[in-house]
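Chemist: First the structure, which I've put down as structure tokens, then a few questions once you've had a look.
Protein chains: 2
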Amino acid sequence: MRNGRQRAVTIAEVARRAEVSPATVSRVMNGRFAGAPEVADRVRRAAEELHYSPSPLARSLALGETRTVAFVVPDIANPTFQAMLSSLSKSAAADGYRVLVADSAEDPEEEAVLAVETRRGCDGLVLCAPRMPDERLRALLPVLRPVLLINRGSTRLDAPSISVDYGVGIQQLAEHLHGLGHRHFAYLEGPAPSTSNRSRVEGLRSFAERAGNVRVDHIAAGSSSSDGYAGAGRVRETGATAVLAYNDLVAVGLMSALTDQGVTVPADISVAGFDDIPMVSYIAPRLTTVSVPYGPLGAEAWKRLHALMRGEVPSHNVIFQPRLQRRESTGPPPVPPSADRTGPAAAGPGRRR
Amino acid sequence: MRNGRQRAVTIAEVARRAEVSPATVSRVMNGRFAGAPEVADRVRRAAEELHYSPSPLARSLALGETRTVAFVVPDIANPTFQAMLSSLSKSAAADGYRVLVADSAEDPEEEAVLAVETRRGCDGLVLCAPRMPDERLRALLPVLRPVLLINRGSTRLDAPSISVDYGVGIQQLAEHLHGLGHRHFAYLEGPAPSTSNRSRVEGLRSFAERAGNVRVDHIAAGSSSSDGYAGAGRVRETGATAVLAYNDLVAVGLMSALTDQGVTVPADISVAGFDDIPMVSYIAPRLTTVSVPYGPLGAEAWKRLHALMRGEVPSHNVIFQPRLQRRESTGPPPVPPSADRTGPAAAGPGRRR
DNA sequence: GTGTAGCGTGAAAGCGGTTTCTCGGCGGGG
DNA sequence: CCCCGCCGAGAAACCGCTTTCACGCTACAC
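Just so you know, the sequences run in chain order A and B.
For the first sequence, position 255 matches number 255 in the working numbering, and the numbering has no gaps at all.
Just add 353 to the spot in the second sequence (first one is 1) and you have the working numbering.
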């Protein structure tokens, strides 16, 4: 190492002290040694005495593998990715791998260069690039491989992917609310260009189509509590009786603003979140939301990436289904919905998992 | 690389195509080339055409630096570390460094071996090892360097450290509550062996000493909302009028349980959190807490580690002071404190920052 | 007794770069 | 006109480890 802080002891020094060749030291250290036991002992003793530990860098270069994978996300600060990172990192560690994190700062272009650049320093990639156009991603794939995509399953890309079915999640919420009698919804949108927002929008559209006599107003917001707080005014202007928030954080912010304005949840208006982060079952009113299994998702991501790195053929993509958590922030609308109600509190037709 | 997925192009191939030596290619790629411009152009063109990009591994081995640092923490899932990680990673990225995360799973022994092992694969370490005994850490220091310690500033260790003054933080809260008239406190403890819990305990002890006529009951809890929820019963048994929670999550859980039990916050009992995570200013009642600047702390950690890696001498340690956020979850005790009150609502003597 | 198979170990060639050292060629000064 | 010095660029050493290949030795068979 250039800086003389702590000149590391090399395999050659161990070899010299044990009076063997570096090759033998290497073999002993890696359990590939077949020769005389006393030679092995000598090597082990020498290594011990010198506090030798092989340079991971040099091993990596020689072996062509780093035992490191990277996790590339648009924004590490997002609790969603943190949950995944936590379980991904723990699963990888269990198999002796480390994980490198890279934050693309939500920049679509950065996403691409960062992914490529980061990939070069490790053996595999878990890539969450919601902003990257399909074509761009497809072109990058050969360089990125082995790569496991997050939330890119819908499109036909030649790479394994695991995703969350946000569309189904929001439909579950919408149908729950519909079942309670709501016909006029508001959706507080997350970051517009993100796929996770788009699939929610899509899910709502298809719900509305199926349900028929409903109205869904869209309101631009964001992904933080302050965005939810700021959106309260516009929500009320729509006259919606139920509001779906992009995620739990937004829902909490929204509820806070509504409370400030003298609006009671769920008596005056129902609010639903998304994700089921741990805290929202402890606030008042307890938030109705869908729980998304980010932990299992991270673990599964590792499992599949690991298989991929071992050269196994990618198995089928998997889509995690969110699960409805009915709690206290949703209830019947304040006044019975307008006259045209045909099938009263019956849930939306079919297709509820 | 062993697996023939995408045989990377090497410097030799570029050299051959540009009809120069690998040395020249290297020089051109690193801006150290002084010769004929047309040679440089030829090299650049060849590199371009071959989509050459130097192997980070090989560079690292030759240069003796990886441009990677590691962040070792007891539990990545902890929001506290996530906030630090986020800003650490962003700051490091701005200087062209990546960050590796390692989770010691709160295991004191694991903390040590993980730190050492992880350190070998990178240029520096940000180490948060609250469980590791001083002696052990001191012994490891030479191997770990350059290393920046988190929350290990109090002890005399020969390594730079940046910390949060949890003691002062909890004292601010206690004094705030004392000023409101509280004399009987409960503290919901975090993970017992952690330094961050111990400094809070210490801070409370010194507060109690200074204040004189106060009582502080300690209750074992933990660091999550469910721990707070579970602790409510024991809190009420103490008869305390004000409770300090280990962190915001615990406080939220506690408040939820109290509400469930018909206890009103802050009318019946005051509750204070710790950390000021974004959401707690949006819940009802808005949580009184101290804000801890984890973001700036992460950035500062990078700044100092970076300086250290450049060989600069470590500057003085820094201690971030939490700042009191009075909100709605604290108020005067329900009945005037017992007869022995001498100085009524005057805040505790001096020493409030 | 010699050929050969087998075994234990070392020499050396990578892995893919960086950097020192060297050398040939050119220009300028004496 | 010759010599010296400088400059541009390549050869080779090196970073630290793995692994192939080869070699020397022993043992066994014929």
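Ideal Cβ positions, reconstructed from N, Cα and C, are used throughout, including at glycine.
Is residue 7(A) helix, strand or coil when you go by DSSP?
Modeler: Three-state DSSP puts residue 7(A) in coil, outside helix and strand.
Chemist: If you pair each beta-carbon of the region 435-443 of chain B with each one of the region 376-388 of chain B, do three or more pairs fall below 8 Å?
Modeler: Because the criterion of three Cβ pairs below 8 Å is not met, the region 435-443 of chain B and the region 376-388 of chain B do not touch.
Chemist: Using 9 Å as the threshold, is the C-beta distance between residue 634(B) and residue 282(A) below it?
Modeler: Cβ distance not < 9 Å, so residue 634(B) and residue 282(A) don't count as in contact.
Chemist: Taking the alpha carbon of residue 392(B) as the reference point, which residue from 566(B), 602(B), 422(B), 370(B) has its own alpha carbon closest?
Modeler: Of the listed residues, the one whose Cα sits closest to residue 392(B) is 370(B).
Chemist: Between which two residues does the beta strand (DSSP E) harbouring residue 385(A) extend?
Modeler: Lying before the first or after the last residue shown, residue 385(A) is absent from chain A, which here runs from 1 to 353.
Chemist: Within 10 Å of its beta-carbon, does residue 316(A) have 16 or more other beta-carbons around it, so buried, or fewer, so exposed?
Modeler: Flag for residue 316(A) reads exposed.
Chemist: Just to make sure I have the definition right: I need the residues of chain B whose C-beta is within less than 8 Å of the C-beta of residue 60(A). Which are they?
Modeler: Ordered by position in chain B, the residues that pass the 8 Å Cβ test against residue 60(A) are 410.
Chemist: Quick one: give me the first and last residue of the alpha helix (DSSP H) that residue 434(B) is part of.
Modeler: Counting along the chain, the alpha helix (DSSP H) containing residue 434(B) begins and ends at 432-447.
Chemist: Please report the distance separating the alpha-carbon of residue 407(B) from that of residue 104(A).
Modeler: Computed Cα separation, rounded: 22 Å.
Chemist: Below 8 Å, can you find three or more Cβ-Cβ pairs linking the region 362-378 of chain B to the region 322-332 of chain A?
Modeler: No, they do not touch.
Chemist: Please list, in chain order, the chain A residues whose beta carbon lies closer than 8 Å to that of residue 365(B).
Modeler: Ordered by position in chain A, no residue passes the 8 Å Cβ test against residue 365(B), which lies about 15 Å from the chain.
Chemist: In the DSSP assignment, find the beta strand (DSSP E) that holds residue 218(A) and state where it starts and stops.
Modeler: 215-220 is the span of the beta strand (DSSP E), which, as asked, contains residue 218(A).
Chemist: Would you please state the rounded distance, in angstroms, between the beta carbons of residue 88(A) and residue 307(A)? I believe it to be under 8 Å.
Modeler: 14 Å between Cβ atoms; not a contact.
Chemist: Closest to residue 426(B) by CA distance: which of 461(B), 405(B), 625(B) is it?
Modeler: The residue with the shortest Cα to Cα distance from residue 426(B) is 461(B).
Chemist: Ends of the beta strand (DSSP E) at residue 676(B)?
Modeler: Here the beta strand (DSSP E) through residue 676(B) covers 676-678.
Chemist: Please look up how many angstroms separate the CB atoms of residue 125(A) and residue 147(A), rounded, as I've assumed it's under 8 Å.
Modeler: Yes, residue 125(A) and residue 147(A) are in contact; Cβ-Cβ is about 4 Å, under 8 Å.
Chemist: Could you spell out the range, first to last residue, of the beta strand (DSSP E) harbouring residue 511(B)?
Modeler: Element bounds for residue 511(B): n/a, residue is neither H nor E.
Chemist: Taking 9 Å as the CB-CB cut-off, is residue 432(B) touching chain A?
Modeler: Yes, residue 432(B) lies at the interface with chain A (some Cβ there is under 9 Å from its Cβ).
Chemist: Can the beta-carbon of residue 556(B) be found closer than 9 Å to that of residue 603(B)?
Modeler: The answer is no: Cβ separation not under 9 Å.
Chemist: Does any residue of chain B have a CB that is nearer than 9 Å to the CB of residue 282(A)?
Modeler: Yes, its Cβ sits closer than 9 Å to a Cβ of chain B.
Chemist: Looking at the secondary structure, which residues open and close the beta strand (DSSP E) in which residue 477(B) lies?
Modeler: Run containing residue 477(B): 477-480, per the beta strand (DSSP E) assignment.
Chemist: Residue 442(B) touches chain A at which residues, Cβ-Cβ below 9 Å?
Modeler: In chain order: 76, 101, 102, 103.
Chemist: Between the C-alpha atoms of residue 741(B) and residue 445(B), what's the straight-line distance to the nearest angstrom?
Modeler: Since the displayed chain B opens at 354 and closes at 706, residue 741(B) lies outside it and no answer follows.
Chemist: List, in order along the chain, the chain B residues whose C-beta lies closer than 8 Å to that of residue 249(A)?
Modeler: Simply 631, 632.
Chemist: From residue 496(B) to residue 483(B), what distance separates their C-alpha atoms?
Modeler: About 18 Å.
Chemist: Excluding sequence positions up to five away, which residues of its chain have a Cβ less than 7 Å from the Cβ of residue 27(A)?
Modeler: Correct list, in chain order: 33.
Chemist: Using three-state DSSP, classify residue 386(B) as helix, strand or coil.
Modeler: Coil.
Chemist: So which of 197(A), 47(A), 181(A), 206(A) has the shortest CA-CA distance to residue 219(A)?
Modeler: Cα-wise, what sits closest to residue 219(A) is 197(A).
Chemist: If we ignore side chains and look at the alpha-carbon of each, how far apart do residue 8(A) and residue 504(B) end up?
Modeler: Whole-angstrom Cα-Cα distance: 28 Å.
Chemist: Which residues, taken in chain order from the region 217-248 of chain A, show a beta carbon closer than 9 Å to some beta carbon of chain B?
Modeler: Cβ contacts with chain B: 224, 225, 226, 228, 229, 248.
Chemist: Taking all protein chains shown into account, decide if residue 409(B) is buried (16 or more other Cβ within 10 angstroms of its Cβ) or exposed.
Modeler: When all chains shown are included, residue 409(B) counts as buried.
Chemist: Just reading off the alpha helix (DSSP H) that residue 104(A) is part of, what are its end residues?
Modeler: Element bounds for residue 104(A): n/a, residue is neither H nor E.
Chemist: For residue 398(B), count neighbouring C-beta atoms within 10 Å of its own C-beta (all shown protein chains included) and say buried if the count is 16 or more, exposed if not.
Modeler: Burial call: exposed.
Chemist: Measuring straight from C-alpha to C-alpha, what distance separates residue 305(A) and residue 268(A)?
Modeler: Going from the Cα of residue 305(A) to the Cα of residue 268(A) covers about 47 Å.
Chemist: Kindly list, in the order they appear in chain A, the residues whose Cβ is closer than 7 Å to that of residue 606(B).
Modeler: Result: 282.
Chemist: From the DSSP output, which residues share a beta bridge with residue 288(A)?
Modeler: Its beta-bridge partners are 272(A).
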